[in-house]
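What follows is a single structure, written as structure tokens, with notes after it.
Chains as they are written, first to last, in our numbering: chain W, 198 to 514; chain H, 198 to 514.
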């Protein structure tokens with residue numbers, strides 16, 4: 198298992214720069230007052246393809262030799278990695294096959310197709326997704342870009358907190374949502390090198406708290422098919438992300454579905470940005486644990502904005 | 198009738214700077230491709246109090262002498278001017294009385310109260326609003342800050358396109374929504390001074406097209422109670438805004454309710470920003486009249502983001 202280094206992050210940053218946005222950092226005096234903390238929101242919902250995942254996906258796609266790129270790339274993903282990889286592959290002009298759960302938001306499926314990705318659907322469980330994917334990969338021979346358990350992807354995600362640290366004037370903590378741990382691992386990789394005193398807090402839905410339980414137990418615990426509104430955070434840790442999480446994360450905090458939806462609606466209302474339920478988990482945990490964050494300068498990673506606008510969780514259909 | 202000058206815009210800008218954001222200008226490669234134009238969105242939905250109206254309101258409030266400020270300020274407004282004036286009065290520490298139609302979005306009423314404004318409700322017609330307001334003003338003695346037919350307000354709104362021109366590298370056209378004409382008048386005032394070659398296009402809902410009909414007729418035509426999803430654009434032109442519209446606007450284009458809602462949803466979906474139906478009218482007219490905008494550098498003013506998230510026009514309740 199190759200463990201990426203901060204040099205890989207710097208190489209990734211140079212490689213992907215033409216394909217990504219340096220996303221803005223927004224602040225909200227209302228949310229600062231509400232939490233007592235000074236919050237800096239890194240808005241990856243404004244990122245190309247609508248999510249931070251385009252960083253890792255672009256690093257993998259544009260790092261391939263021409264020979265390795267011949268059969269294109271393939272992956273499985275709940276959505277944002279699928280469309281990010283489709284976007285990057287489209288820009289390089291190589292095919293992209295993705296396995297997505299049939300329950301993934303329609304907006305994400307449409308976006309994958311819009312970028313030229315080819316979708317094969319699976320059941321919404323880790324076991325089904327891996328089985329269907331094995332078939333797709335065998336049939337296409339594409340280079341497998343795992344959504345998070347891949348050093349190229351983690352190095353790419355590490356560019357996000359590198360920008361965040363440049364854009365702010367030092368932070369006491371960074372809070373990021375955790376699913377498979379790709380964003381958190383990239384954050385660990387970067388901050389342990391350039392800001393080792395900055396704490397890294399992972400935020401997870403109570404209903405998909407396998408990373409939390411892994412962290413407390415000291416080994417990976419994986420759930421097969423957790424159910425949460427935070428559809429980007431259902432997947433389990435894998436060995437590479439576990440390496441970073443177990444070595445560098447300060448703590449993992451959880452929030453209920455209700456708290457996540459309230460934080461999501463509050464962000465839309467006060468910050469006027471469209472972001473996914475998954476990105477609301479950090480703010481939900483900050484509001485829930487105010488004492489822990491009060492008086493601190495806290496970076497919050499808004500991971501994506503690919504929402505199905507026809508089914509918002511606070512509106513009964 | 199005092200007609201504000203560009204010097205008034207510059208004075209306003211200095212005066213209000215501590216109380217407003219210099220809002221960002223966003224672009225979207227998707228929308229550029231869709232329209233064939235190069236679009237620059239001035240995002241006043243990220244403005245303090247969630248709308249450009251805070252510019253004019255702050256200019257009026259902070260321009261008052263201590264003596265004139267004694268009884269506070271008062272106004273009538275469908276929403277954003279009400280909450281902007283409440284915000285500015287709150288910062289100065291003077292009372293603010295506002296008359297709002299009982300049908301105004303709940304989110305806007307809540308925001309007015311949150312800023313300390315005192316609401317008196319009226320029926321959703323210009324006649325009712327003016328009658329109720331006369332009573333409120335007589336009772337409070339507050340300084341009347343009209344939502345748009347006021348030189349202080351127009352000079353304040355003129356600071357928006359001044360920033361937009363600084364933030365872009367020249368524009369062929371600026372498109373702004375038109376209701377009473379405050380934003381359009383401020384845009385006319387500024388651009389006729391600093392960029393006289395830049396065309397000014399006003400965009401209006403078909404179902405509240407009194408400015409369009411006025412423009413074609415050559416005199417003000419006022420409807421009493423038009424019905425449109427673009428709740429900020431129901432009010433008629435008045436003499437001061439008519440002065441600017443009739444002298445400097447190149448054309449007024451209209452869009453149907455369906456086209457406005459589609460443009461609103463598209464903006465949320467692709468730009469990941471929360472903005473009001475009123476702000477979608479410019480994009481709706483651009484999509485509808487592509488030939489007119491293709492190949493041009495076009496500024497689009499996103500006027501506000503104070504949406505009632507519980508009742509979105511594309512979701513049936």
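The beta carbon of each residue, even a glycine, is placed where N, CA and C say it ideally should be.
- Query: Is the beta carbon of residue 283(H) less than 9 Å from the beta carbon of residue 314(H)?
  - Reply: Translated into the one-based positions of the second chain, residue 283(H) becomes position 86. Translated into the one-based positions of the second chain, residue 314(H) becomes position 117. Residue 283(H) is a Cβ neighbour of residue 314(H), given a cutoff of 9 Å.
- Task: Select from the segment 459 to 476 of chain H all residues with a C-beta closer than 9 Å to any C-beta belonging to chain W, and list them in chain order.
- Result: Going along the segment 459 to 476 of chain H in chain order, one finds 462, 465, 466, 467, 468, 469, 470, 471, 472 with a Cβ nearer than 9 Å to chain W.
- Can you list the residues of chain W that residue 374(H) reaches, using a CB-CB cut of under 8 Å? What you label residue 374(H) is simply residue 177 of the second chain in a count that begins at 1. Here the premise fails: no neighbours, minimum Cβ distance about 17 Å.
- Have a look at 490(W), 274(W), 509(W) and flag the residue whose alpha-carbon is nearest the alpha-carbon of residue 465(H). As a working note, residue 465(H) is residue 268 in the second chain. With distances taken between Cα atoms, residue 465(H) lies closest to 509(W).
- Task: Pull up the DSSP beta-bridge partners for residue 496(W), would you.
- Result: Here the question's residue 496(W) lines up with position 299 in the first chain. Residue 496(W) pairs with 237(W), 371(W).
- So, is residue 215(W) buried or exposed, given that buried needs 16 or more other C-beta atoms within 10 angstroms? What you label residue 215(W) is simply residue 18 of the first chain in a count that begins at 1. Its Cβ having fewer than 16 others within 10 Å, residue 215(W) is exposed.
- Query: How about residue 507(H) and residue 316(W): are their beta carbons less than 9 Å apart?
  - Reply: Locating residue 507(H) in the second chain gives position 310, where the first residue counts as 1. Locating residue 316(W) in the first chain gives position 119, where the first residue counts as 1. One thing to note: residue 507(H) has its Cβ no nearer than 9 Å to the Cβ of residue 316(W).
- Rounded separation between residue 312(H) and residue 350(W) - CA only: Taking the second chain and counting its residues from 1, one reaches residue 312(H) at position 115. Taking the first chain and counting its residues from 1, one reaches residue 350(W) at position 153. Computed Cα separation, rounded: 45 Å.
- Query: Are the C-beta atoms of residue 506(W) and some chain H residue less than 9 Å apart?
  - Reply: Working through the first chain from its first residue, we reach residue 506(W) at position 309. Yes, because at least one Cβ of chain H sits closer than 9 Å to the Cβ of residue 506(W).
- Task: Kindly list, in the order they appear in chain W, the residues whose Cβ is closer than 9 Å to that of residue 243(H).
- Result: Position 46 of the second chain, counted from the first residue, corresponds to residue 243(H). Those within 9 Å of residue 243(H) in chain W are 223, 468, 469, 470.
- Task: List the endpoints of the continuous alpha helix (DSSP H) containing residue 307(W).
- Result: If you number the first chain from 1, residue 307(W) lands on position 110. Unbroken alpha helix (DSSP H) run through residue 307(W): 303 to 311.
- Given that residue 512(H) touches chain W, what residues does it touch there, using C-beta distances under 9 Å? Within the second chain, numbered from 1, the residue matching residue 512(H) stands at position 315. Taking the beta carbon of residue 512(H) as reference, the chain W residues within 9 Å of it are 506, 507, 508, 509, 512, 514, listed in sequence order.
- Can you tell me whether residue 384(W) is buried or exposed, with buried defined as 16 or more other CB within 10 angstroms of its CB? As a working note, residue 384(W) is residue 187 in the first chain. Classification for residue 384(W): buried.
- Is residue 318(H) closer than 9 Å to residue 329(H) when the C-beta atoms are compared? Residue 329(H) sits at position 132 when you count from the first residue of the second chain. Residue 318(H) sits at position 121 when you count from the first residue of the second chain. In this structure, residue 318(H) lies closer than 9 Å to residue 329(H) by Cβ.
- Classification of residue 472(H) by the beta-carbon crowding that lies within 10 angstroms, buried from 16 upward: Stepping through the second chain from its first residue, residue 472(H) is reached at position 275. Taking every protein chain shown into account, the CB of residue 472(H) has 16 or more other CB atoms within 10 angstroms, so this residue is buried.
- Item | Nonlocal neighbours in the same chain, by C-beta distance under 6 Å from residue 287(W), ignoring five residues either side | Walking along the first chain from the start, residue 287(W) turns up at place 90. Closer than 6 Å at the Cβ level, and outside the excluded window around residue 287(W), lie 312, 313.
- Message: If I measure Cβ to Cβ from residue 261(W) and keep anything under 7 Å in the same chain, skipping five residues before and after, which residues do I get?
- Response: For the purposes of this step, residue 261(W) is taken as the residue at position 64 of the first chain. In chain order, 340 place their CB closer than 7 Å to the CB of residue 261(W), counting only its own chain and leaving out the 5 sequence neighbours on each side.
- Cβ shell of residue 360(W) (< 8 Å), same chain only, five flanking positions each side left out: Position 163 of the first chain, counted from the first residue, corresponds to residue 360(W). Only 219, 220, 239 meet the Cβ criterion.
- From the beta carbon of residue 304(H), is the nearest beta carbon of chain W less than 9 Å away? Walking along the second chain from the start, residue 304(H) turns up at place 107. Chain W, which has a Cβ nearer than 9 Å to the Cβ of residue 304(H), makes this yes.
- Indicate whether the contact test is met: 3 or more Cβ pairs, each with one atom in the segment 428 to 437 of chain W and one in the segment 366 to 381 of chain W, closer than 8 Å. Remark: three or more beta-carbon pairs, one from each stretch, lie closer than 8 Å, so the segment 428 to 437 of chain W and the segment 366 to 381 of chain W are flagged as touching.
- Once you ignore the five residues that flank residue 457(H) on each side, which residues in its own chain have a CB closer than 7 Å to its CB? In the second chain, residue 457(H) corresponds to position 260, counting from 1. Closer than 7 Å at the Cβ level, and outside the excluded window around residue 457(H), lie 402, 426, 427, 474, 477, 478, 481.
- Item | Segment contact, 8 Å Cβ cut-off, at least three pairs: the segment 438 to 454 of chain H with the segment 331 to 340 of chain H | These segments do not touch.
- Of all Cβ atoms in chain W, is any one closer than 9 Å to the Cβ of residue 502(H)? As a position in the second chain, residue 502(H) is number 305, starting the count at 1. Yes - at least one Cβ of chain W is within 9 Å of the one on residue 502(H).
- Message: I believe residue 391(H) touches residue 381(H) by the beta-carbon criterion, under 8 Å. Please report the beta-carbon distance rounded to the nearest angstrom.
- Response: Position 194 of the second chain, counting from 1, holds the residue named residue 391(H). Position 184 of the second chain, counting from 1, holds the residue named residue 381(H). Actually they are not in contact, since the Cβ atoms of residue 391(H) and residue 381(H) sit about 16 Å apart, beyond 8 Å.
- Message: Counting only beta-carbon separations shorter than 9 Å, does residue 247(H) have a partner in chain W?
- Response: On the second chain, residue 247(H) is found 50 positions in, with the first residue counted as 1. Yes, residue 247(H) lies at the interface with chain W (some Cβ there is under 9 Å from its Cβ).
- Close Cβ partners of residue 274(H) (< 7 Å) along its chain, the five nearest in sequence each way excluded: Numbered from its first residue, the second chain carries residue 274(H) at position 77. These residues qualify, in order along the chain: 295, 297, 344.
- Message: Let me make sure I understand the geometry here. Which of 414(H), 429(H), 406(H) has the alpha-carbon closest to that of residue 420(H)?
- Response: Along the second chain, one-based indexing puts residue 420(H) at 223. Looking at the Cα atoms, 406(H) is the closest of the given residues.
- Message: Quick check: the segment 407 to 414 of chain W against the segment 361 to 373 of chain W, are at least 3 beta-carbon pairs closer than 8 Å?
- Response: In the pairwise beta carbon analysis, the segment 361 to 373 of chain W is classified as not touching the segment 407 to 414 of chain W: fewer than three pairs are separated by under 8 Å.
- Message: Give me the DSSP bridge partner(s) of residue 401(W).
- Response: Sequence index remark: in the first chain, residue 401(W) carries index 204 (1-based). In DSSP, residue 401(W) forms a bridge with 451(W).
- Quick one: what's got a C-beta closer than 6 Å to residue 259(H)'s C-beta in the same chain, skipping five residues either side? Here the question's residue 259(H) lines up with position 62 in the second chain. 212, listed in sequence order.
- Message: With H, G and I counted as helix, E and B as strand and the rest as coil, what does DSSP make of residue 348(W)?
- Response: Position 151 of the first chain, counted from the first residue, corresponds to residue 348(W). Assignment of residue 348(W) by DSSP, reduced to helix, strand and coil, places it in the helix class.
- Task: Thinking residue 395(H) and residue 371(H) are a contact (beta carbons under 8 Å), I'd like their distance in whole angstroms, please.
- Result: Working through the second chain from its first residue, we reach residue 395(H) at position 198. Working through the second chain from its first residue, we reach residue 371(H) at position 174. Between residue 395(H) and residue 371(H) the beta-carbon gap is near 6 Å, inside 8 Å, which marks them as a contact.
- Item | Runs of alpha helix (DSSP H) wholly within the segment 457 to 504 of chain H (minimum 4 residues, chain order) | The segment 457 to 504 of chain H contains, as complete alpha helix (DSSP H) runs of 4+ residues, the segments 474 to 485, 487 to 490 (chain order).
- Item | Beta-carbon gap between residue 281(H) and residue 255(H) smaller than 9 Å | Taking the second chain and counting its residues from 1, one reaches residue 281(H) at position 84. Taking the second chain and counting its residues from 1, one reaches residue 255(H) at position 58. One thing to note: residue 281(H) has its Cβ within 9 Å of the Cβ of residue 255(H).
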